[in-house]
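Colleague: These protein sequence lines map, in sequence, to chains A and B.
Each residue of the first sequence is one higher than the one before, counting from 1 in my numbering.
Each residue of the second sequence is one higher than the one before, counting from 552 in my numbering.
Yeah, the Cβ is synthetic: ideal placement off N, Cα and C, and Gly gets one too.
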Amino acid sequence: MAFETKPRRADVCIIGAGASGAAAAKVLCEAGVKVVALEKGPWRRRESFGGDELANINRYNLWPDPLLNPRTWRETEDDAAREEMFCPVPQMVGGGTVHWQGWLPRFTADDFRMRTVAGDLPGASLADWPITYDELEPYYLKVEWAFGVSGEAGANAFESHRSGGYPCPPMPVSRYAQKFRQGCDALGWNSFPTPQAALSRPFNGRRATVVSAFAQQHGDPTGTRSSALNVFVPDAVATGNYDLRPNSTVGELVLDGDGRIRAAVYQDEDGGVFEQEADVFILACGAMETARLMLLSRSGRFPNGLANDSDLVGRNVTFHEYSAAVGLYDDPVYAWAGGGYVSASTFQHYGHDAARGFVSGGHIAVAGVGIPLPINWRLPGTPAWGAEAKRIDREHYSHSLAVAMVLHDMPQHSNRIDLDDSLVDAWGLPVARTTLKPHANDLAQGRYLIDRGADILEASGARSVTKVYADRVTGNCSHQHGTARMGDDPDTSVLDRWCRAHAVPNLYAVDGSPFPTGTGANPTLTIMANAWRVAEHIVARRGAPSARTSS
Amino acid sequence: MPDTFFDPHQRSTIEAAMARIIPTDDTPGAREAGCIDFLERTLSGLDYLFAKPDGSGFEVLEGRSARAWQTRLDIMRTKYADGIRDLDARAEGLGARDFASLDPERQDEVLRAVERDAAAAPTTATVSTGLAGPVSAEPALQQTSTETDLDFLPLLVTHTRQGFYADPIYGGNRGRVGWDVIGFPGPASLKAVHDGTYTTLRYFAEGEAEKVKEFHDGL
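(1) Just curious, the alpha helix (DSSP H) that Glu759 (chain B) is in, first and last residue?
(2) Find out if the Cβ-Cβ distance for the pair Lys142 (chain A), Trp532 (chain A) is shorter than 7 Å.
(3) Check for me: the beta strand (DSSP E) holding Thr575 (chain B) runs from which residue to which?
(4) Taking the beta carbon of Gln621 (chain B) as the centre, do at least 16 other beta carbons fall within 10 Å, making it buried, or is it exposed?
(5) Residues of the region 711 to 743 of chain B with a CB closer than 7 Å to any CB of chain A: list them in chain order, please.
(6) Might you give, ordered along the chain, the residues of its own chain that have their beta carbon closer than 8 Å to the beta carbon of Tyr140 (chain A), omitting 5 neighbours on each side?
(7) So for Arg391 (chain A), helix, strand or coil by DSSP?
(8) Shorter than 7 Å from the beta carbon of Asp442 (chain A) to some beta carbon of chain B?
(9) Could you give the C-beta distance for Tyr341 (chain A) and Lys179 (chain A), rounded to a whole number, given that I count them as a contact under 8 Å?
(10) In the DSSP output, which residue or residues are listed as bridge partners for Cys13 (chain A)?
(11) Run through the region 217 to 273 of chain A for me and flag every whole beta strand (DSSP E) of 3 or more residues, listed as ranges in chain order.
(12) Please tell me whether Ala619 (chain B) and Asp65 (chain A) are closer than 7 Å, where the distance is taken between their beta carbons.
(13) May I ask which residues mark the beginning and end of the alpha helix (DSSP H) holding Tyr140 (chain A)?
(14) Within 10 angstroms of the Cβ of Asn724 (chain B), are there 16 or more other Cβ atoms? Answer buried if so, exposed if not.
(15) Express the C-alpha separation of Ser174 (chain A) and Lys764 (chain B) in angstroms, rounding to a whole number.
(16) From the DSSP output, in three-state form, read off Met563 (chain A) for me.
(17) Chain B partners of Pro202 (chain A), CB-CB under 9 Å?
(18) Can you check which of these residues, A:Asn376, A:His439, A:Ala367, A:Thr466, is closest to Ala177 (chain A) by C-alpha distance?
(19) What is the rounded straight-line gap between the Cα of Glu30 (chain A) and the Cα of Thr239 (chain A)?
(20) Rounded C-beta distance between Thr72 (chain A) and Arg82 (chain A)? I'm assuming under 8 Å.
(21) Using a C-beta to C-beta distance shorter than 7 Å, which residues of chain A count as neighbours of Glu759 (chain B)?
(22) Could you give the distance in angstroms between the alpha-carbon of Ala198 (chain A) and the alpha-carbon of Pro169 (chain A)?
(23) Helix or strand or just coil, what does DSSP make of Trp532 (chain A)?
(24) Would you identify the three-state DSSP class for Ala739 (chain B), choosing helix, strand or coil?
(25) Please list, in chain order, all residues of the same chain as Ile375 (chain A) whose beta carbon is under 8 Å from its beta carbon, the five residues on each side excluded.
(26) Rounded to whole angstroms, what's the CA-CA distance from Asn247 (chain A) to Ile626 (chain B)? Just pull it up for me.
(27) If you follow the alpha helix (DSSP H) that Trp730 (chain B) is part of, which residue opens it and which one closes it?
(28) Using a cut-off of 7 Å between C-beta atoms, extract the partners of Phe49 (chain A) located in chain B.
(29) In whole angstroms, what is the alpha-carbon distance linking Phe735 (chain B) and Ser398 (chain A)?
(30) Would the region 351 to 370 of chain A and the region 285 to 305 of chain A be scored as touching if the rule is three or more Cβ pairs under 8 Å?
(31) So, under 8 Å CB-CB, Met569 (chain B) and Thr711 (chain B) are touching, yes? Tell me the CB distance rounded to an integer number of Å.
(32) What runs of the beta strand (DSSP E), each 3 residues or longer, lie entirely inside the region 66 to 144 of chain A?
(33) So which residues of chain B does Gly164 (chain A) contact, with C-beta pairs closer than 9 Å?
(34) Can you have a look at Tyr469 (chain A) and say buried or exposed, based on whether 16 or more other CB atoms are within 10 angstroms of its CB?
(35) Per the DSSP calculation, Lys630 (chain B) is bridged to which residue(s)?
(36) For His320 (chain A), count neighbouring C-beta atoms within 10 Å of its own C-beta (all shown protein chains included) and say buried if the count is 16 or more, exposed if not.
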């Protein structure tokens with residue numbers, strides 16, 4: 001490997017072109033800022049995606065290949081780590097939004113001050129956010145309108161104030177969503193159409209979203225779903241200010257003599273090594289990879305990793321956990337139609353209620369059980385093979401659905417991402433090691449939410465219900481947060497309220513890493529809204545000449 | 552390009568085992584679906600691992616990805632070769648010539664014994680500890696699988712299910728029999744998904760498709 005010609009200096013260098021990196025790029029580029037984006041994965045076009053469960057789920061067409069991008073996990077720091085694909089996210093332009101079906105609920109006002117709402121929880125490191133819901137609200141609306149989110153304003157009785165409605169009405173009602181809402185109605189619980197990153201009708205020059213069975217965890221060959229790849233990337237490219245370089249793996253950020261980042265050092269596809277200089281650097285790699293890159297970037301000034309004076313980089317990591325109660329009905333629910341995620345939701349058990357005996361709660365929603373085929377799942381206690389397994393496949397396929405939960409797992413100082421001390425990836429870099437043990441609150445909250453899901457199934461006429469409690473956090477929903485938490489105090493946070501590192505004046509992070517708490521809702525809408533907010537702030541700072549020299 | 556891997560004996564052994572994993576009853580099973588041909592193609596090399604998304608052929612793997620898949624194939628091929636020898640040895644223990652010549656009930660006994668022994672071995676992934684695949688106890692897969700961590704039997708179960716339910720382009724699910732068994736109205740071909748004409752809106756709640764008909768060419 002040899003150093004090649006140095007690329008031209010950029011105004012802003014963004015590491016990553018997924019949900020957050022592409023959102024920031026759109027805002028910056030549209031304001032006239034010259035952006036270079038370094039994305040580890042390929043830049044795939046819609047024509048390269050297909051309705052192929054084998055390729056997409058089993059053969060790493062979209063997921064990272066564990067032989068190239070391995071990770072390790074251990075429960076505590078006293079345990080030996082073992083190789084495990086902990087919380088993978090597609091690594092390509094568009095990131096996780098390439099294969100998601102995009103449930104986009106907003107967080108609530110209380111989510112931004114859970115420590116104040118719930119008080120201290122022993123063993124957890126709950127913290128209020130340095131920003132409020134009201135500060136983020138305008139950016140929620142901007143993302144919803146950029147994406148053409150389909151939803152029904154006011155339908156979620158527990159949603160906080162919104163300054164405008166959704167651009168598209170809700171998606172058509174699936175049979176599984178209908179069952180879910182019937183169950184909630186019977187229980188007297190509020191429910192609502194899950195806001196979705198899809199177009200229920202043509203919007204902004206785009207066609208209505210095709211309602212294929214190959215949706216959740218499949219790429220979109222029609223380009224009609226809303227994703228960073230289909231929306232933000234084209235917006236940014238259209239400005240002429242977005243130099244997006246796929247297959248570019250950043251291994252280190254290096255400092256200048258003033259303690260600012262001078263350059264991102266990256267390898268291209270052919271192993272050529274380059275230094276990309278810029279005024280400002282934005283990390284948008286996902287909370288795990290952002291922490292990993294910071295920890296890989298050691299220097300005399302930061303011997304324990306970039307901006308890691310506080311030893312907080314990688315700590316307080318949260319992942320949610322996805323599990324469900326599964327119900328079987330006499331009548332067909334076709335929970336594979338639309339990919340199984342054209343859904344309905346309830347926030348009835350989302351907010352904190354001290355009477356429940358645990359902190360916070362989570363989003364409950366209905367989903368399919370296959371994605372869409374029964375290749376990759378079976379219910380606990382049922383055989384994996386033989387005549388009985390086949391009978392269950394047949395009986396359940398069109399007649400079962402899952403009522404799933406998004407667990408609000410508690411941040412803990414001892415739960416962390418750091419660098420594995422023995423395993424490297426295909427680029428020769430130490431891999432992310434997760435140390436994670438669920439808090440008792442996580443398990444109690446998870447049981448409660450699964451039990452409430454079972455209530456919905458029973459109230460909607462399911463003839464049998466199977467509860468699958470989450471007894472450990474496996475990172476199974478790709479959500480990841482907290483590894484560079486934001487706050488006002490440099491002793492207890494890595495980033496400030498603008499997601500700028502306390503210790504490095506030209507370093508920002510805009511993925512889930514700034515989130516002090518993970519909340520109980522799908523995070524990507526909030527991640528994109530926050531990235532938009534931070535990008536606007538960076539534009540404003542650049543506009544002020546004094547800030548230009550001091551920042 | 553070769554699209555087979557097993558010798559005739561290996562093939563008949565695995566085909567017999569697959570027929571116990573998804574048996575034929577009043578509906579087709581693994582045998583009729585051609586799950587064995589699916590697996591032969593999978594293990595044959597790098598030429599049939601990823602269909603082109605429009606169904607017009609197969610992708611050519613290169614670079615890191617090709618090397619990773621060669622590694623994976625080597626691991627899986629070894630597991631199959633060893634697994635087949637184990638099945639035959641167990642059959643011989645029952646006084647038979649080999650696994651394939653046992654009657655179906657005794658084949659089930661052998662497979663159950665393999666499953667029990669694997670579950671008792673603490674150092675290997677088993678039916679209950681895998682993260683995904685039919686090895687998982689999770690109701691909804693939200694995460695990709697790591698097949699090469701699986702023992703022989705869970706791997707065979709996984710591949711049999713893949714061969715039964717995956718797109719017919721991979722050599723199994725012949726005549727879409729796997730989809731017919733469970734009642735999945737799958738696309739006519741990968742192309743129908745790719746060009747956006749495949750829709751499942753008519754399986755939504757009554758009257759819903761009609762309301763949005765004007766927006767959907769596929770209806």
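Modeller: The answer reads as follows:
(1) Along the second sequence, one-based indexing puts residue 759 (chain B) at 208. If you look at Glu759 (chain B), you'll find it in the alpha helix (DSSP H) that goes 759 to 762.
(2) Residue 142 (chain A) sits at position 142 when you count from the first residue of the first sequence. Residue 532 (chain A) sits at position 532 when you count from the first residue of the first sequence. The answer is yes: Cβ separation under 7 Å.
(3) Translated into the one-based positions of the second sequence, residue 575 (chain B) becomes position 24. Here Thr575 (chain B) belongs to no beta strand (DSSP E), and DSSP marks it neither H nor E.
(4) By one-based count along the second sequence, residue 621 (chain B) stands at place 70. Classification of Gln621 (chain B): exposed, given that the 10 Å Cβ count is below 16.
(5) Answer set for the region 711 to 743 of chain B: Arg712, Gln713, Tyr716, Ala717, Asp718, Tyr721, Val732, Ile733, Gly734, Phe735, Pro738, Leu741.
(6) Position 140 of the first sequence, counted from the start, is the residue given in the question as residue 140 (chain A). Cβ neighbours of Tyr140 (chain A) beyond the five flanking positions: Arg106, Arg162, Leu525, Thr526, Ala529.
(7) Along the first sequence, one-based indexing puts residue 391 (chain A) at 391. Arg391 (chain A): helix per DSSP, three-state reduction.
(8) Taking the first residue of the first sequence as position 1, residue 442 (chain A) is located at position 442. For Asp442 (chain A), no CB of chain B lies under 7 Å from its own CB, so it is not counted at the interface with that chain.
(9) By one-based count along the first sequence, residue 341 (chain A) stands at place 341. By one-based count along the first sequence, residue 179 (chain A) stands at place 179. Taking C-beta atoms under 8 Å as the contact rule, Tyr341 (chain A) and Lys179 (chain A) fail to qualify, at a distance of about 15 Å.
(10) Counted from its first residue, the first sequence places residue 13 (chain A) at position 13. Residue pairing of Cys13 (chain A) in beta bridges, as defined by DSSP: A:Val36, A:Phe281.
(11) As far as the region 217 to 273 of chain A is concerned, its whole beta strand (DSSP E) runs of at least 3 residues are 242 to 245, 249 to 255, 261 to 267.
(12) The residue you call residue 619 (chain B) lines up with position 68 of the second sequence. The residue you call residue 65 (chain A) lines up with position 65 of the first sequence. Yes.
(13) Residue mapping note: residue 140 (chain A) aligns to position 140 of the first sequence, counting from 1. Tyr140 (chain A): member of the alpha helix (DSSP H) spanning 133 to 147, first to last residue.
(14) Mapped onto the second sequence, residue 724 (chain B) falls at position 173. So Asn724 (chain B) ends up on the buried side.
(15) Position 213 of the second sequence, counted from the first residue, corresponds to residue 764 (chain B). Position 174 of the first sequence, counted from the first residue, corresponds to residue 174 (chain A). Distance from the CA of Lys764 (chain B) to the CA of Ser174 (chain A), rounded to the nearest whole angstrom, comes to 15 Å.
(16) For residue 563 (chain A) there is no data in the structure shown, the boundaries of chain A being 1 and 551.
(17) By one-based count along the first sequence, residue 202 (chain A) stands at place 202. Those are Phe766, listed as they occur along chain B.
(18) Within the first sequence, the letter at position 177 stands for residue 177 (chain A). It is A:Ala367.
(19) Residue 30 (chain A) sits at position 30 when you count from the first residue of the first sequence. Residue 239 (chain A) sits at position 239 when you count from the first residue of the first sequence. When rounded, the distance between both Cα atoms is 6 Å.
(20) Here residue 72 (chain A) refers to the residue found at position 72 when the first sequence is read from its first residue. Here residue 82 (chain A) refers to the residue found at position 82 when the first sequence is read from its first residue. That belief holds up - the Cβ atoms of Thr72 (chain A) and Arg82 (chain A) are roughly 6 Å apart, short of 8 Å.
(21) Translated into the one-based positions of the second sequence, residue 759 (chain B) becomes position 208. Contact of Glu759 (chain B) with chain A by beta-carbon distance below 7 Å involves Pro172, Val173.
(22) Position 198 of the first sequence, counting from 1, holds the residue named residue 198 (chain A). Position 169 of the first sequence, counting from 1, holds the residue named residue 169 (chain A). If I take the Cα positions, the gap works out to 10 Å.
(23) Translated into the one-based positions of the first sequence, residue 532 (chain A) becomes position 532. If DSSP states are grouped into helix, strand and coil, Trp532 (chain A) belongs with the helices.
(24) Here residue 739 (chain B) corresponds to residue number 188 of the second sequence, with the count starting at 1. Of the three classes helix, strand and coil, the one that applies to Ala739 (chain B) here is coil, per DSSP.
(25) Taking the first residue of the first sequence as position 1, residue 375 (chain A) is located at position 375. Hits under 8 Å: Glu53, Leu54, Ile57, Asn58.
(26) Indexing the first sequence from 1 puts residue 247 (chain A) at position 247. Indexing the second sequence from 1 puts residue 626 (chain B) at position 75. Approximately 28 Å, taken between the alpha carbons.
(27) Start at 1 with the first residue of the second sequence, and residue 730 (chain B) comes out as number 179. Going by DSSP, Trp730 (chain B) is part of the alpha helix (DSSP H) stretching over 728 to 733.
(28) If you number the first sequence from 1, residue 49 (chain A) lands on position 49. Near Phe49 (chain A) (Cβ distances below 7 Å), the residues of chain B are Pro604.
(29) As a position in the second sequence, residue 735 (chain B) is number 184, starting the count at 1. As a position in the first sequence, residue 398 (chain A) is number 398, starting the count at 1. Spanning the alpha carbons of Phe735 (chain B) and Ser398 (chain A) requires a straight line of approximately 8 Å.
(30) Taking one beta carbon from each stretch, the region 351 to 370 of chain A and the region 285 to 305 of chain A have fewer than 3 pairs nearer than 8 Å; the two do not touch.
(31) Residue 569 (chain B) sits at position 18 when you count from the first residue of the second sequence. Residue 711 (chain B) sits at position 160 when you count from the first residue of the second sequence. That pair is a contact at about 5 Å.
(32) Uninterrupted beta strand (DSSP E) stretches at least 3 residues long and entirely within the region 66 to 144 of chain A occur at 72 to 74, given in chain order.
(33) Taking the first sequence and counting its residues from 1, one reaches residue 164 (chain A) at position 164. Near Gly164 (chain A) there are no residues of chain B at all, since even the closest Cβ is about 23 Å away, more than 9 Å.
(34) Position 469 of the first sequence, counted from the first residue, corresponds to residue 469 (chain A). Label assigned to Tyr469 (chain A): exposed.
(35) One-based indexing of the second sequence puts residue 630 (chain B) at position 79. Lys630 (chain B) is bridged by DSSP to nothing; it lacks a bridge partner.
(36) Looking up residue 320 (chain A) in the first sequence gives position 320. Burial is judged here by how many other beta carbons sit within 10 angstroms of a residue's own beta carbon; His320 (chain A) has at least 16 and is buried.
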